[in-house]
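Accompanying notes for the structure given below.
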Amino acid sequence: QVQVVESGGGLVQPGGSLRLSCTASGSIFYNMGWYRQDPGRQRELVAGVSSEGTANYAGSVKGRFTISRDNAKNTVYLQMNSLKLEDTAVYYCYADRKDGSVLLTHWGQGTQVTVSS
Numbered sequence: 107q108v109q110v111v112e113s114g115g116g117l118v119q120p121g122g123s124l125r126l127s128c129t130a131s132g133s134i135f136y137n138m139g140w141y142r143q144d145p146g147r148q149r150e151l152v153a154g155v156s157s158e159g160t161a162n163y164a165g166s167v168k169g170r171f172t173i174s175r176d177n178a179k180n181t182v183y184l185q186m187n188s189l190k191l192e193d194t195a196v197y198y199c200y201a202d203r204k205d206g207s208v209l210l211t212h213w214g215q216g217t218q219v220t221v222s223s
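This is the structure we're talking about:
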């Protein structure tokens with residue numbers, strides 16, 4: 107059974123830092139990463155990383171957030187620095203696996219990140 111479990115959200119002041127962690131289990135995973143969603147807005151990709159380590163970022167977080175991955179642990183991390191009010195959202199981890207020729211995406215339950223003074 108595939109599981110995706112996140113941790114590390116919380117409340118932080120503007121300019122502060124947080125690190126999110128996400129561990130997937132039950133399969134071999136290819137792309138992993140993070141989306142976020144604020145009420146009333148569409149879910150948007152924050153950062154993703156392939157199993158080979160190629161990372162991509164949303165323009166709004168480039169230079170502030172860093173995604174990394176430990177393949178041995180099926181774990182992906184999101185280091186968030188210089189946090190802004192607009193980074194407030196629920197952050198969802200995703201992990202892609204293959205079922206034959208089909209790529210399936212599994213999601214975590216979400217972790218709240220609140221940036222507030």
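Just so you know, this note's numbering puts 112 at position 6 of the sequence shown, and the rest follows in order with no gaps.
Cβ coordinates follow ideal geometry from the N, Cα and C atoms, glycine included.
Check your understanding: Short check: CB of Val219 to CB of Leu189, under 9 Å?
Key -> The answer is yes: Cβ separation under 9 Å.
Exercise for review: Determine the direct distance from the alpha carbon of Gly206 to that of Glu158, and round the result to whole angstroms.
Suggested key: Cα to Cα, Glu158 sits roughly 20 Å from Gly206.
Exercise for review: Can you check the region 120–144 for any alpha helix (DSSP H) of at least 4 residues that lies completely inside it and give the ranges in chain order?
Suggested key: Fully enclosed alpha helix (DSSP H) runs of 4 or longer: not present.
**Study point:** Nonlocal neighbours in the same chain, by C-beta distance under 6 Å from Gly115, ignoring five residues either side
**Key:** Cβ neighbours of Gly115 beyond the five flanking positions: Thr217, Gln218, Val219.
Point to revise | Backbone secondary structure at Lys179 - three-state DSSP | key: Here DSSP, grouped into helix, strand and coil, assigns Lys179 to helix.
**Study point:** Lys204 - partner residues in DSSP beta bridges
**Key:** According to DSSP, Lys204 bridges with Leu209.
**Study point:** Glu192 (DSSP reduced to helix, strand or coil)
**Key:** Residue state, collapsed to three classes: helix.
Practice item. May I ask which residues mark the beginning and end of the beta strand (DSSP E) holding Asn162? Key: Taken as a continuous stretch (DSSP letters only), the beta strand (DSSP E) holding Asn162 covers 161–163.
Exercise for review: Using a threshold of 9 Å, state whether the C-beta atoms of Gln215 and Val108 are closer than that.
Suggested key: With respect to the 9 Å criterion, Gln215 and Val108 are not classified as neighbours on the basis of their beta carbons.
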